[in-house]
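Presented below is the structure to which this report refers.
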Amino acid sequence: MLHIEFITDLGARVTVDVESADKLLDIQRQYGRLGWTSGEIPTGGYQFPHDNEADFDWTLIGARKWTNPEGEDMILHRGHAYRRRELEAVDSRKMKLPAAVKYSRGAKNTDPDHVREKADGEFEYVTLAIFRGGKRQERFAVPGGNRAPAQASAPTRPAARPQPAARPAPAPAQDEETPF
Amino acid sequence: MLHIEFITDLGARVTVDVESADKLLDIQRQYGRLGWTSGEIPTGGYQFPHDNEADFDWTLIGARKWTNPEGEDMILHRGHAYRRRELEAVDSRKMKLPAAVKYSRGAKNTDPDHVREKADGEFEYVTLAIFRGGKRQERFAVPGGNRAPAQASAPTRPAARPQPAARPAPAPAQDEETPF
Amino acid sequence: MLHIEFITDLGARVTVDVESADKLLDIQRQYGRLGWTSGEIPTGGYQFPHDNEADFDWTLIGARKWTNPEGEDMILHRGHAYRRRELEAVDSRKMKLPAAVKYSRGAKNTDPDHVREKADGEFEYVTLAIFRGGKRQERFAVPGGNRAPAQASAPTRPAARPQPAARPAPAPAQDEETPF
Amino acid sequence: MLHIEFITDLGARVTVDVESADKLLDIQRQYGRLGWTSGEIPTGGYQFPHDNEADFDWTLIGARKWTNPEGEDMILHRGHAYRRRELEAVDSRKMKLPAAVKYSRGAKNTDPDHVREKADGEFEYVTLAIFRGGKRQERFAVPGGNRAPAQASAPTRPAARPQPAARPAPAPAQDEETPF
Amino acid sequence: MLHIEFITDLGARVTVDVESADKLLDIQRQYGRLGWTSGEIPTGGYQFPHDNEADFDWTLIGARKWTNPEGEDMILHRGHAYRRRELEAVDSRKMKLPAAVKYSRGAKNTDPDHVREKADGEFEYVTLAIFRGGKRQERFAVPGGNRAPAQASAPTRPAARPQPAARPAPAPAQDEETPF
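In the order they appear, the protein sequences are chains D, S, F, V and G.
The numbers in the UniProt record's numbering rise by one with no breaks, and the one at position 82 of the first sequence is 82.
The numbers in the UniProt record's numbering rise by one with no breaks, and the one at position 8 of the second sequence is 8.
The numbers in the UniProt record's numbering rise by one with no breaks, and the one at position 75 of the third sequence is 75.
The numbers in the UniProt record's numbering rise by one with no breaks, and the one at position 108 of the fourth sequence is 108.
The numbers in the UniProt record's numbering rise by one with no breaks, and the one at position 13 of the fifth sequence is 13.
What follows is the structure, encoded as structure tokens:
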């Protein structure tokens, strides 16, 4: 038996029993669809393989796609809206990094220091997830979905798994312009 | 089986077993009525849809209505009294925000930095909850209650659900004047 | 089923199963008698009704009465000794506060910032509990005890409930003079 | 049923079920022998009665005796070596303290502020335990052991209780000279 | 019954039931192979005996060997790559330390203060593990493996134990040059 600790969409601390390890991602999808999250965003953001970005199942981390009033595709996670941004490959003598896709937002004055990253000038931002390198893992994809083209705004196919409860649209505070 | 972690009105850390996910809000109401809370107030306060404000069930977050000695309607949460305040819609080139209702209090010198928000001048305040945008969710309403007019001071209808124990009036320290 | 998390008198983290919610205070008394505590002292100290002070059951929060070498009545909680102090009612234009009884000690240099409160001059102190206003709650009283006169030094009647184990006298470090 | 949370010698977070409250110290001894600890060192160090020092059972807090390369008797706890030091009684107008035995080490630059105590000059140290005043408690003594003379270097008698597994000698980093 | 708390490779907080204490290391290996970790890296890094370094089973702490694009052998732990470095024995009047092998990386600006260690100049680094002194413990070795030569790049023999799921290659962000 396993037990996974969530913070619910209402901020409550709730543990859910899980029958076996192979059921764990299903449970994360099921409750992630309600906006429940488990654990903190890792420092520097979640790291996923680049080739998982196109059809990444955001419910795995309690996030979902959201179109802001300006019509932009965003990712909503715990009330914060993150913007998609493509990072070109770096190939200098000092650093060698493959191309990446990053989801980030501007830092707010209530964000703790250890999640703030510096950008050009005085901008500081917070990263939700970065997709870079690695090898695609099927377990991170939207279940039952055909592989979508490499664009975050690709429509998500309806999930085949049962949903314990429909989640009505939450009320996200609209972010200030995120520089990244 | 689920398990929800509370801080009781006496400050003790107590976990309560919950039979199934659809019983969770009932349990939160039942113990929230005693002043028990689960998890922390999210940074920037709880976010709820604007149209839930009139008949919001404050027991969901362990809070309750309270009239202070000056006759003002306040919301009491973990010994702090929060004042209702209406925020007008913002529609500038830089920001576009719908009208909102915010419950906040003046910051105290024992409040940690990450909950303090700056206001005009040197005032700092702490937000309990903000009701803005979104779509009304019935699950947040006082159960069995008719929809009250859009005023926090609307009398709460007696809850239909069984109460495990009556909560005698606690002894809230009266807040200093909260600027917000 | 409920589960309450304690820090034992030896500092260990121990959870105790509790059959039902109405047994919870009994369990807190039973283990509080051994010096076990659950949760942190709330910021600014525990808040209780003024009329509970005379016969307050300190085992509820893992504390106990203690007479220091100078013959003064103190309250001992997690190795710290707190002194009783009566606060007069405040009735100014800026603030209106009923009379209170406060248990506090001088701050030590190992106390974190968020528990330190400023006093006159450079004194800083830490509050364990404040009894002010509100309505007496029987559940906070020493069980089976007649109501004692309004003095912390009143002898506590022997508790009627079974004690799982006698607690030998611990070895409290004697506090420096507490200004409050 | 009780449940005690440990940090294992490998740093893992492991909870152990305990049948009843009177078995708790046995379990703490059993796993403490492996270097497992429960909870944090209290601020200012563990406080024990003075007369428990001679035959104190260090397994209760996951510590053990260790002789450093210079032949000195030390107490090893979570990879840190603590040195025994006798404190004379203080009997001034300002403070009155009985004689004590303290186990402490010099502070390292990775120690958080709240565990550092100031000594003469610029020295800072960290206390594991202080034995002062109070009344001897048999439950803190090495089980089955004859009372040893008042010296930390007294040989520990073999414990009568079953040991779940022998603990091979760990690899403590040798501390810098501890001033205290 | 025991229960071990993990952070999964996805950052979720999951507890796994363990039948008995002697099964604990098996469970740590089984889930560590998936990149799950339990507890924090101890301050100053994990401490292991020097003679365990050659065939240390990195799955015990949720880490694994990884060859970076420059062909260097690194240890990967929670998305950070650590470099192997041999420390010579110190034998001065002030300090006496046996030779050691240390796995460390350069500090990042999101690393909290208490894990940063100072090096020469302005470099700061973070230690994952240090192998120094002590006596080899078989329980830390790769199970079923022949003892490899004293080199971190020694090929790991396939583990004999059942693997619950293959872990596809993750997508580690390549570290900046680590000075240590």
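All C-beta atoms in this analysis are idealised placements derived from N, C-alpha and C, irrespective of residue type, glycine included.
Beta carbon of residue i nearer than 9 Å to that of residue j
| i | j | result |
| --- | --- | --- |
| F:R78 | F:I7 | yes |
| V:V18 | G:V18 | no |
| S:L10 | F:I61 | yes |
| V:K65 | V:L87 | no |
| S:S38 | D:A12 | yes |
Integer Cβ distance of residue i from residue j, believed to fall under 8 Å
| i | j | result |
| --- | --- | --- |
| D:E53 | D:F131 | 4 Å |
| G:A107 | G:L97 | Their Cβ separation, rounded to whole angstroms, is 22 Å, which puts G:A107 and G:L97 out of contact at 8 Å. |
| V:H114 | F:T110 | 5 Å |
Exposed unless 16 or more other CB atoms sit within 10 angstroms - verdict on residue i
| i | result |
| --- | --- |
| V:G133 | buried |
| S:P112 | exposed |
| V:G45 | buried |
| S:A99 | exposed |
| S:E5 | buried |
| D:M74 | buried |
| D:I51 | Checking the sequence, you will find Asp at residue 51 of chain D rather than Ile. D:D51 comes out buried. |
Cβ-based neighbour list, residue i, same chain, cut-off 7 Å, excluding 5 preceding and 5 following
| i | result |
| --- | --- |
| F:T59 | R29, G32, R33 |
| F:F48 | F56, A129, F131, F140 |
| D:I27 | I4, V16, V18 |
| F:R136 | P49, D51, N52 |
| V:D91 | none |
Cβ-based neighbour list, residue i, same chain, cut-off 6 Å, excluding 5 preceding and 5 following
| i | result |
| --- | --- |
| G:H80 | R105 |
| F:L24 | V18 |
| F:E138 | none |
Same chain only: Cβ atoms within 8 Å of residue i, ignoring 5 sequence neighbours per side
| i | result |
| --- | --- |
| S:E70 | none |
| D:E72 | R83 |
| S:D22 | none |
Cutoff 9 Å: residue i Cβ touching any chain C Cβ
| i | result |
| --- | --- |
| F:R13 | The structure shown contains no chain C; its protein chains are D, S, F, V and G. |
Residue i: CB within 8 Å of a non-hydrogen atom of the ligand ZN
| i | result |
| --- | --- |
| V:R93 | The ligand ZN is absent from the structure shown, which contains no ligands of any kind. |
Next item on the list: With a floor of 4 residues, list each alpha helix (DSSP H) that falls wholly inside the region 4-71 of chain F, ordered by position along the chain.
Entry: List check, alpha helix (DSSP H) in window: 24-32.
Checklist line | Continuous beta strand (DSSP E) assignments of at least 3 residues falling wholly in the region 68-138 of chain S | finding: For the region 68-138 of chain S, whole beta strand (DSSP E) runs of length 3 or above, ordered along the chain, are 73-77, 80-87, 100-106, 124-132.
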